[in-house]
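J.: Structure below; questions to follow.
Protein chains: 4
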Amino acid sequence: MLRVAIIGASGYTGVELARILCNHPEFELTAATSRQYAGKPLSVVFPNLLGKTDLVCENLSIDELCNRADLFFAAVPHKTAMDLVPQLLKEGKKVVDLSADYRLRDVATYEEWYQEHSSPEFIKEAAYGLPELYREQIQKARLVANPGCYPTSVVLGLAPLLQEGLIDPDTIIVDSKSGTTGAGRAANVGTLFCEVHDGFKAYKVGGTHRHLPEIEQELSALNKDKVTISFTPHLLPIARGILSTSYANLTSPVSENDLRKLYSNMYEMEPFVRLLPEGSFPATQHVRGSNFCDIGYAIDKRANRIIVVTAIDNIVKGAAGQAVHNMNLMCGIEESTGLGGAPFFP
Amino acid sequence: MLRVAIIGASGYTGVELARILCNHPEFELTAATSRQYAGKPLSVVFPNLLGKTDLVCENLSIDELCNRADLFFAAVPHKTAMDLVPQLLKEGKKVVDLSADYRLRDVATYEEWYQEHSSPEFIKEAAYGLPELYREQIQKARLVANPGCYPTSVVLGLAPLLQEGLIDPDTIIVDSKSGTTGAGRAANVGTLFCEVHDGFKAYKVGGTHRHLPEIEQELSALNKDKVTISFTPHLLPIARGILSTSYANLTSPVSENDLRKLYSNMYEMEPFVRLLPEGSFPATQHVRGSNFCDIGYAIDKRANRIIVVTAIDNIVKGAAGQAVHNMNLMCGIEESTGLGGAPFFP
Amino acid sequence: MLRVAIIGASGYTGVELARILCNHPEFELTAATSRQYAGKPLSVVFPNLLGKTDLVCENLSIDELCNRADLFFAAVPHKTAMDLVPQLLKEGKKVVDLSADYRLRDVATYEEWYQEHSSPEFIKEAAYGLPELYREQIQKARLVANPGCYPTSVVLGLAPLLQEGLIDPDTIIVDSKSGTTGAGRAANVGTLFCEVHDGFKAYKVGGTHRHLPEIEQELSALNKDKVTISFTPHLLPIARGILSTSYANLTSPVSENDLRKLYSNMYEMEPFVRLLPEGSFPATQHVRGSNFCDIGYAIDKRANRIIVVTAIDNIVKGAAGQAVHNMNLMCGIEESTGLGGAPFFP
Amino acid sequence: MLRVAIIGASGYTGVELARILCNHPEFELTAATSRQYAGKPLSVVFPNLLGKTDLVCENLSIDELCNRADLFFAAVPHKTAMDLVPQLLKEGKKVVDLSADYRLRDVATYEEWYQEHSSPEFIKEAAYGLPELYREQIQKARLVANPGCYPTSVVLGLAPLLQEGLIDPDTIIVDSKSGTTGAGRAANVGTLFCEVHDGFKAYKVGGTHRHLPEIEQELSALNKDKVTISFTPHLLPIARGILSTSYANLTSPVSENDLRKLYSNMYEMEPFVRLLPEGSFPATQHVRGSNFCDIGYAIDKRANRIIVVTAIDNIVKGAAGQAVHNMNLMCGIEESTGLGGAPFFP
């Protein structure tokens, strides 16, 4: 068994990592850190884990951490991660970083959208942890930057179209809707039950969400030229799930048959991408609790556009599940290990 | 007191009409029809109305209806309405029709998206019941076609921009999200609690929803030229509310100040449109139970687009409330009568 | 118009008071205090109120408050209220206090369950603001202690049975379920959307909730002898509503007919109590947004028990609505003024 | 691999059985029947299963079924089951019946609460499938009557107390709350999203729910004398979960320490019962998606009662999961096989 630690176990990503790792046959969860809950059993912080783990949350130094595990999931906020990760790497550890700190390859862009970067020298070696696009890099990496939840849902949906030049990049509009786990577990009036329940709203309207440069980075790489998009996130009164609806003008007519081939070629061997049957569209409740990304699309002939709809569970494929997928790849384990459960519905 | 009847009182629009009319100082609800629940008190079908009305649901002929009331809300499905409404008009009654049957001015378009029309001669005289755009016609009308819920939310948001020529009509994309009351009260597996709850999905993707020609009709009228848009509806796990996010390319640079003037000029005297402060965006939970349409917008400078976000309560401003607003106008009553309640939050 | 102020306007009770007062024909809301949001328009703190009030939240001294209004709703936490209320009374103001500070007539009991009382001399003159039981005292009072939400839902359901001696007080068990507005609007991990949504739990199990002595005080008064009950509150994933299911052994056989007479005698003239038809039981969604308390009951012949089920909207009949009802009574206004809206469903 | 079939795969229990069996290492799902969806892939009926199973729903005769599998989960309504099960047994098959048809050992009681029984001779040999109480019988059985969801949640909570004679059986009151999956997947106005969402209600008040005789049967067996209880079910606006709050008078004083020993003795070796730490109480969101039954309790010293709170996922431990647990036992497989996943939260 490989020894694995979660740094920052008290958030929703942390508990989901713990849930997955509890049942992982190759990884053993040997440490979970939390400053706030240090001394408390993880199963007291998250009673769903009672009987599944006896770990106690600890506030550990890097040295202590390095004694306790060889593989690390850094589930701490950006900025905290960039100070922590280099020390782990220097000790020869493997790290999947779930923060934004190593996702943007261009330091200036990172510093424009976030803040000064304290360890930019590690950005270059970080693999972007979207296995469907970067599997080989991930397999060789000792540091993987786990993608943002919105970017995961958007990039997988548009990748075949951009690679093939089927859409006009200047016309891409992405309208995304996220469950509330995406807002984290900090005490906050805005995410209280009574504020979110039975409601729906847009936020960061006008191209100001920090996942935007990450999405554009990946779409630009696929397009082999800079892409600028409009992206509007919304907050759903659900716990888990992101559904992204993406629009783009077609550059030339394309048949449903050709589209299907295009998507199949890219994804039919992928363990965690499901192409829905023609005329079916994703729903967050059908990927809930799983590492799947579901994809559906339709051509709007009247307007000469394609609409691509994708759904993921934002804390699985959009965070913890994809992180475990990446770690499996980094360790040479069969890549879907520990991630095979079917989505639960209802 | 004016005598008012609801034809088709057993749906969600019916109960909301009844709720509003119970407290309306000028209208007296004198009949409520329902084939399915004939003989049952309305307050047994909808226990929220207990103590507010003693009406019993009845299955009434047109003649009986005409004896019982002078003003009619037709809350029956399309096709049923087109057979019913002409008879009421011939008896000199005033009618607000909440179906789609008189909304589309072009019969051929209606017949393409719905079915053959049995009383096309009444289409011409029907006023389109969006008071912010058609107040004078409504005041003079004996038949008002109450707008669809999606069209209400979209048209109000884009009207000032199209009137002023500020956006390129070919680039309009509308991504709408509706609460489940929009799907009606028929027994149906797809709208069971366990299917909708904690989930989110797109439907009618690719430009196939029947509200599309209605939206385009109104946008074309504002644009004074034919407009073709992309429109994608989604189903929200909430009861009441529609939030529409609309995107369009700007035809020329425009300042926040000019935009505010534009929207203010159009809406500042409107009793049911609220422009949100700069940087604020609508949320369905802030219009819940009210006849308000909230509007916010932002310019996405990177992409040279404007994003307009609107929120309504789909069974109030999108149906029953707007219908009462229209009837107030048709009867020469102060137009906000019976509709003054503040939205309830949370 | 009578000048009314809300002290502590930034909680869910505060916004509901504001919502009701915005449409009250006799009261004018002239001040709203909030330390946290001082300087912000109330309609920015609660965007549902946009267009309904221009009030700005202020941090006012007692003197300033006394200049601004004659009637006060104190919607501050217990302990804060007991320091504040006496000063208002000394200035000749009328006060409805929504905290627990003047509800318990026995100071020792108050101090056992809460803390030391700084103004016990005012407890005696405070009327307990349950109009169905204390209407005359309320009409004469200058200080009304607005009942707790759980007590309101329990006492109204059991009052006729205890008054008539039909149940054995030693066997009373109350199982209550409350919506999350009852937990207030403070930032708190336990009431985050993702913690409450799609879940259900008991809390304060074993007779430790502070509403217990209040319930027992009122049941004891009805019973004319001390009553000790078991009371278990639960947290519902809904915003508004309390449903209480109360159980007690019957002291002697009673017919459905006699029971109905008993309840009708007590409540048929009450504007805000609805007895449901035989075989029907309350649902929180049927009182939502209204000041109604719905009551249903059934005899369990096999076990010789009666089960009484009551439903209220906890922030209306359980807080803000009942407070306005009380103030109407204190001011000699028709008691249901401003509270006549039908519940909204769905 | 053992060949397993689901008879009646189109309900919520059916899909959950399929979800569990998809990942079960010893069972292979070889047939799934549904009259309504015959010819449709199970993954079209339930898109969460896409990529996890290629089974197509079929309408199979008993003979065809017997050729296709050796182990059967009968997830059909009561009455249908009693006609079907005997034929499977005669062919030498093993059956877990999830209907009520073989749960009640007394035929007269069954016929009083349900209808005439067509195969009463099989009742005697059916093991009651609550492994914590009937493990040995289940291991030897060819027919297991899978318990009802409410009975599972109630009996496990009260069993230690009744066995030890610590509570007065005449004082037992059970207040249960169930998620909406318990109401099934039939099209029905009463379980539409808009009827259930953001609401809460009691139903079958007064001792009329069909799970009552089943609960009393098991409590009576534990008590070694007839027990009559009051039982009130409620409908929660959640998909999965039952929380039962049970009350009873203590027959003699008992320490927290002794209680803990009592519960530990009974459950510490059980793979699917979790005793919560002192002062903690179950929440449905902490057992979601798992086969756990969580138990907490408190003594109400003021009233001399014990309150026991239990939580299960009603379609796992209350249906599909317990059924698989039973089948594991019947087949001599390690009993928690396929059921080891941690609950997912949030």
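Protein sequences, first through last, are from chains A, B, C and D.
The working numbering numbers the first residue of the first sequence as 8 and each following residue consecutively.
The working numbering numbers the first residue of the second sequence as 8 and each following residue consecutively.
The working numbering numbers the first residue of the third sequence as 8 and each following residue consecutively.
The working numbering numbers the first residue of the fourth sequence as 8 and each following residue consecutively.
A virtual CB, placed ideally from N, CA and C, is assigned to each residue, including glycine.
1. Roughly how many angstroms separate the alpha carbons of residue 180 of chain C and residue 21 of chain D, rounded to a whole number?
2. Is the CB of residue 261 of chain A under 8 Å away from at least one CB in chain B?
3. Assuming residue 38 of chain D contacts residue 49 of chain D under a Cβ cut-off of 8 Å, what Cβ separation, rounded to an integer in Å, is found between them?
4. Please decide whether residue 201 of chain C counts as near chain D, where near means a Cβ-Cβ distance under 8 Å.
5. Taking 8 Å as the CB-CB limit, is residue 243 of chain D close to chain C?
6. Classify residue 19 of chain D as helix, strand or coil using the three-state DSSP reduction.
7. How close, in whole Å, do the beta carbons of residue 175 of chain A and residue 235 of chain A come, if the pair is a contact with beta carbons under 8 Å?
8. Would you call residue 147 of chain C buried or exposed, if buried means 16 or more other Cβ atoms sit within 10 Å of its Cβ?
9. Give me the residue from D/274, D/90, D/171, D/247 with the minimum Cα distance to residue 231 of chain D.
10. Among the candidates C/190, C/213, C/214, whose CA atom is the shortest distance from the CA of residue 203 of chain C?
11. Determine, for residue 192 of chain D, whether the minimum Cβ-Cβ distance to residues of chain B falls below 8 Å.
12. Helix, strand or coil: how does DSSP classify residue 304 of chain B here?
13. Do residue 305 of chain C and residue 319 of chain C come within 8 Å of each other at the CB atom, strictly closer than that value?
14. Under a Cβ-count criterion, where at least 16 other Cβ atoms within 10 Å of its own Cβ denotes burial, should residue 223 of chain D be classed as buried or exposed?
15. If I'm right that residue 252 of chain C touches residue 187 of chain D with Cβ under 8 Å, what's the distance once you round it to whole angstroms?
16. Taking C-beta to C-beta, are residue 316 of chain A and residue 250 of chain A nearer than 8 Å?
17. Ignoring anything shorter than 4 residues or poking outside the segment 150 to 194 of chain A, list the alpha helix (DSSP H) runs there in chain order.
18. So, residue 81 of chain D versus residue 105 of chain D, is the Cβ gap smaller than 8 Å?
19. If we ignore side chains and look at the alpha-carbon of each, how far apart do residue 138 of chain A and residue 208 of chain B end up?
20. Indicate whether residue 101 of chain D and residue 78 of chain D have their beta-carbon atoms separated by less than 8 Å.
21. Which full runs of the alpha helix (DSSP H) of 4+ residues lie inside the segment 20 to 85 of chain D, going along the chain?
22. How is the alpha helix (DSSP H) around residue 115 of chain A delimited, first residue to last?
23. So the alpha helix (DSSP H) residue 232 of chain C belongs to, where does it begin and stop?
24. Identify the contact partners of residue 239 of chain B in chain A, using a Cβ-Cβ distance below 7 Å as the criterion.
25. So for residue 249 of chain A, helix, strand or coil by DSSP?
26. Based on Cα-Cα distance, which residue from C/17, C/57, C/33 lies nearest to residue 44 of chain C?
27. Quick check on the DSSP output: the beta strand (DSSP E) that includes residue 104 of chain D runs from which residue to which?
28. Between residue 155 of chain A and residue 218 of chain A, is the Cβ-Cβ spacing less than 8 Å?
29. Taking residue 198 of chain A as the query, report the chain C residues whose CB atoms sit under 7 Å from its CB, ordered along the chain.
30. So, is the C-beta of residue 188 of chain D closer than 8 Å to a C-beta in chain B?
31. Helix, strand or coil for residue 242 of chain B per DSSP?
32. Can you grab the Cα-Cα spacing for the pair residue 111 of chain B / residue 26 of chain B, in whole Å?
33. Who are residue 316 of chain A's beta bridge partners in DSSP?
34. Can you tell me whether DSSP reads residue 222 of chain D as helix, strand or coil?
35. Check for me: the beta strand (DSSP E) holding residue 13 of chain D runs from which residue to which?
36. Determine whether the Cβ of residue 268 of chain A lies closer than 8 Å to any Cβ atom of chain D.
T.: This is what the structure gives:
1. Distance between the alpha carbons of residue 180 of chain C and residue 21 of chain D is about 37 Å.
2. no
3. About 10 Å separates the beta carbon of residue 38 of chain D from that of residue 49 of chain D, a gap too long to meet the 8 Å contact definition.
4. Judged by the 8 Å Cβ criterion, residue 201 of chain C is in contact with chain D.
5. Yes - at least one Cβ of chain C is within 8 Å of the one on residue 243 of chain D.
6. Looking at residue 19 of chain D - three-state DSSP - the assignment turns out to be helix.
7. The Cβ separation is near 12 Å, so there is no contact.
8. exposed
9. D/171
10. Of all alpha-carbon atoms in C/190, C/213, C/214, the one lying nearest the alpha-carbon of residue 203 of chain C is that of C/190.
11. So, interface residue.
12. strand
13. no
14. buried
15. About 18 Å separates the beta carbons of residue 252 of chain C and residue 187 of chain D, which is beyond the 8 Å limit, so they are not a contact pair.
16. Yes; because the gap between Cβ atoms is below 8 Å, this pair is in contact.
17. 156 to 170
18. Yes, the pair counts as a contact, with Cβ atoms nearer than the cut-off.
19. 25 Å
20. yes
21. 49 to 52, 69 to 75
22. 114 to 120
23. It is not in any alpha helix (DSSP H) - residue 232 of chain C carries neither H nor E in the DSSP assignment.
24. 252, 314
25. strand
26. C/17
27. The continuous beta strand (DSSP E) containing residue 104 of chain D extends over residues 101 to 104.
28. Yes, the Cβ-Cβ distance between residue 155 of chain A and residue 218 of chain A is below 8 Å.
29. 199, 200
30. yes
31. strand
32. Looking at the two C-alpha atoms, the distance is approximately 29 Å.
33. A/252, A/303
34. Of the three classes helix, strand and coil, the one that applies to residue 222 of chain D here is helix, per DSSP.
35. That run of the beta strand (DSSP E) goes 9 to 14.
36. By this cut-off, residue 268 of chain A is not an interface position.
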